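Shown next, in structure tokens, is the structure this report addresses.
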Amino acid sequence: MSQAPQPLVGVIMGSKSDWETMKNACEILENFEVPYEKRVVSAHRTPAWMNEYATTAQGRGLRVIIAGAGGAAHLPGMVAAQTILPVLGVPVKSRALKGLDSLLSIVQMPGGIPVGTLAIGDAGAKNAGLLAVRILATTDCDLAEKLTAYQNKQTNDVMKDSEL
Ligand code: RP5
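So the sequence shown is numbered by the numbering used here: it starts at 32 and just counts up by one.
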């Protein structure tokens, strides 16, 4: 029986309700054939599990963590505080404040504990996936080639339709 490949990226989110947004990051990782894991990890509802996840992530072989959360979005920052892995934060669009609360909760980290904060919502999650691929591609030539092809295709697709 062949074993599943070791996940390199951990995609975590504060609630199942974040999945519609965070699946955009997972789709990118699947397109680039990057092994990843996805888990619900809540800073507020499961603090002990968050602590365990963050402190064991590097030892389990993860290279990047993508953390999405909405509202009082403390998950990315609290995970970044407990690991030296790069953490990419995705502000999920909240019902009450359309994600501005999520964005400000994630982006305003104190100096010393970095979180790479992306845009609110689907585009942010997609770009978090791409940024994780770019981080891994710094030490993986095959992945770097795939990224170049992805970017070229994107450019060509836009150029083909550039006449309105
Ligand atoms: C945050 O609270 C989650 O990241 C989610 O975006 C938000 C609302 O969670 P639910 O009440 O939908 O579970 O922790």
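Note that the Cβ used here is the ideal one computed from N, Cα and C, for glycine as well.
Please read all numbers here as calculations on a predicted model, not as lab measurements.
Mark residue i as exposed unless 16 or more other C-beta atoms lie within 10 angstroms of its C-beta, in which case mark it buried.
i	result
residue 133	buried
residue 190	exposed
residue 131	exposed
residue 90	exposed
residue 184	exposed
residue 79	exposed
residue 192	exposed
residue 125	buried
residue 52	buried
residue 158	buried
residue 88	buried
Roughly how far, in whole angstroms, is the beta-carbon of residue i from the beta-carbon of residue j, given that I think they are within contact range, below 8 Å?
i	j	result
residue 153	residue 55	5 Å
residue 115	residue 163	That pair is no contact at about 16 Å.
residue 41	residue 68	6 Å
residue 149	residue 110	Not a contact, Cβ separation roughly 15 Å.
residue 107	residue 118	5 Å
residue 99	residue 171	24 Å between Cβ atoms; not a contact.
Taking the alpha-carbon of residue i as reference, which of the options has the nearest alpha-carbon?
i	options	result
residue 165	38, 95, 137, 151	95
residue 136	103, 182, 33	103
residue 155	34, 38, 59, 39	59
residue 127	101, 49, 52, 169	101
residue 71	64, 62, 84	84
residue 129	151, 194, 138, 182	151
residue 34	61, 182, 66	66
residue 38	194, 180, 186, 167	167
So, do the region 39–49 and the region 70–85 have three or more beta carbon pairs nearer to each other than 8 Å? yes
Taking 8 Å as the cut-off, does the region 139–153 touch the region 172–185 (at least 3 CB pairs, one atom from each stretch)? no
Runs of alpha helix (DSSP H) lying entirely within the region 87–114, each at least 4 residues, in chain order: 106–111
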